[in-house]
Each structure stands twice: as structure tokens, then as C-alpha cells.
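Asks: So that you can map any letter, position 204 of the sequence shown is 195 in the numbering used here, and since no number is skipped, the others follow by simple counting. By construction, the Cβ of each residue, glycine as well, lies at the ideal position given by its N, Cα and C atoms.
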Amino acid sequence: MSLEFLSPAASAVARSPMEREALAAGARLEQRDGWNVAVSFDGEERHRSTVAFADRSHLGKLELHGEHELELGQATQRDAAWWCPTSRARALVLCEPDRTAELRERLGDGVVDLTSAMAALTIAGPLAPEVFARFTAIDLRPQVTPVHGFRPGSVARTPGAVLREAEERWLMLFGAALGSYVWSVVADAAAALGGGPVGIEALAPLEEVSPRA
């Protein structure tokens, strides 16, 4: 069975499931690599010193089926991507959108493209752990989830996962159908701590956090 419907068509502009919420919050959108992306927000500068969150649903998300040698609980940096084991027989590969097609072709028949089926938010800043504590029981303390740690689990009462990309930066993954709900949960938690949304231009690209091998 073909699963091409899960990926945005080359001629179509893909949209985040959180686009409406982003626009309501003052987002400026641009087309990047076939996606409508929130690149900046009104007043986002004040959020960087507390906690900021950014919609990164445009990242490539490729699920590998089959045994692998990845260490459970730990994401591996390779080929400018994160390789995140979800079980001993499955792994999720995350990459910048301009590399999705190349990686999908290289990985062959053992891959399912979940790019449009999953949404993603980066939550960053010194108060990010406090935001997470308001809607997930995943233990993100440094001794449990160090930098590059990957933890599948429940986020905002939905199945998801959290990847710790850097010291004060986490990537949260969840089902795209729940994007609007998760945005509202994160936005409320961040606002209570003086934080809010930022555009992707406020973040280093994935390939800079995860450099090429």
C-alpha cells in the first residue's frame, strides 16, 4: 500500500496543524521547502530569556521498521539528522525538510514517512523544564534525560516523545490531529511563566544542533 499521502506533494504547500493558532498569536509566515512556516512573532524577543516555543512540524519524520543497533533512550546524530529509537524494532529519523526526500529514498522500503502525520514543537529556555512539568510526567531531569536523551511517553495526555536537543532545548513530538490542543496547552503553560511563541528564525537549524557526521 502506498503511503505517499502522508507526505506533502511536491507542488503543494504543506501547512502545520498549528498554523491557525500561530497566526492568531501574531506569526509571520513564509514558504520554506514546501511548507508554510512561522518565521517570527510580534514581541518574541521577550520570551527568549524565560521560555519560548516554536512550531517545527515541517521537520522530516521517517519511521524505520526493523531491528537496529541504536541505544534505547538515546538519540544518535548521523547524516545531519537525529536517529531516535522508539523500540528495539523501530526508530524515528528527524531531519530538516530539505533532506527528507533524500533520506526517504536512501532508507528504502523499510521506512514510513510520518512527516505530515506528526507535529512538533521546540520548547527552549531556562524555564522550559517548568513548562513541561505542567503537562507531562516524562522525567526530564538531567540525570534521567541528558542532552541527546529521547523519551517516548505521554505529553499533554496524548502519545508522544521528547528529545533533548541541547542543554536548554527540547523537541516534543505528537500526533498532528492534536496540534491545536497541544499548542493551547503549551501556550498556557508558557504564558504563566512569562514565555510565548517564537519563529524558527529564533532557533538554530537542526543540522547545527546535530552537525553532519
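#1: From the DSSP output, which residues share a beta bridge with TRP26?
#2: With a CB to CB cut of under 8 Å and the five nearest residues on each side skipped, what residues in its chain are close to GLY166?
#3: Roughly how many angstroms lie between the CA atoms of GLY185 and VAL135, to the nearest whole one?
#4: Run the CB neighbour count on SER7, radius 10 Å, all protein chains shown included, and call it buried at 16 or more, exposed below.
#5: How many Å lie between TRP73 and HIS49 at the Cα?
#6: Tell me whether LEU83 is buried or exposed, calling it buried when 16 or more other Cβ atoms sit within 10 Å of its Cβ.
#7: Pair every Cβ in the region 31 to 45 with every Cβ in the region 172 to 187, then say whether three or more of these pairs are closer than 8 Å.
#8: How many angstroms separate the CA atom of LEU61 from the CA atom of LEU94?
#9: If you follow the alpha helix (DSSP H) that THR91 is in, where does it begin and where does it stop?
#10: To the nearest angstrom, how far is the alpha carbon of ARG11 from that of GLY116?
#11: Answer yes if the region 95 to 104 comes into contact with the region 20 to 28, meaning at least three C-beta pairs across the two stretches below 8 Å, and no otherwise.
#12: List the DSSP bridge partners of ARG47.
#13: In whole angstroms, what is the alpha-carbon distance linking ALA5 and THR106?
#14: Give the straight-line distance between the Cα atoms of ARG69 and PRO88, rounded to the nearest whole angstrom.
#15: Using alpha carbons as the reference points, say which of THR91, ALA157, LEU164 and GLU121 lies closest to ARG142.
#16: Please state the DSSP three-state secondary structure of ASP70.
#17: Suppose the cutoff is 8 Å on Cβ atoms and the five residues either side in sequence are ignored; what does the same chain contact list for LEU20 look like?
#18: On the three-state DSSP scale, how would you describe VAL146?
Replies: With the given structure in hand:
#1: Looking at the DSSP assignment, TRP26 forms a beta bridge with ALA5 and ARG23.
#2: For GLY166, same chain residues with a beta-carbon under 8 Å away, outside a window of 5 residues either side, are ALA108, MET109, ALA110, THR149, PRO150 and GLY151 in chain order.
#3: Spanning the two alpha carbons is a distance of roughly 27 Å.
#4: Result: buried.
#5: TRP73 and HIS49 have their alpha carbons spaced roughly 15 Å apart.
#6: Looking at its Cβ environment, which holds 16 or more other Cβ atoms inside 10 Å, LEU83 is buried.
#7: A contact exists between the region 31 to 45 and the region 172 to 187.
#8: In a straight line, the C-alpha of LEU61 is about 17 Å away from that of LEU94.
#9: That run of the alpha helix (DSSP H) goes 91 to 98.
#10: Approximately 24 Å, taken between the alpha carbons.
#11: Not touching, per the Cβ criterion.
#12: In DSSP, ARG47 forms no bridge with anything.
#13: Roughly 10 Å between the two C-alpha positions.
#14: Rounded to the nearest angstrom, the two C-alpha atoms are 16 Å apart.
#15: Of the candidates THR91, ALA157, LEU164 and GLU121, the one whose C-alpha sits nearest the C-alpha of ARG142 is LEU164.
#16: Of the three classes helix, strand and coil, the one that applies to ASP70 here is coil, per DSSP.
#17: Here LEU20 has GLU10, ALA13, LEU14, ASN27, VAL28, ALA29 and VAL30 as same chain residues with Cβ atoms under 8 Å from its own Cβ, once five neighbours each way along the sequence are excluded.
#18: Correct three-state label for VAL146: strand.
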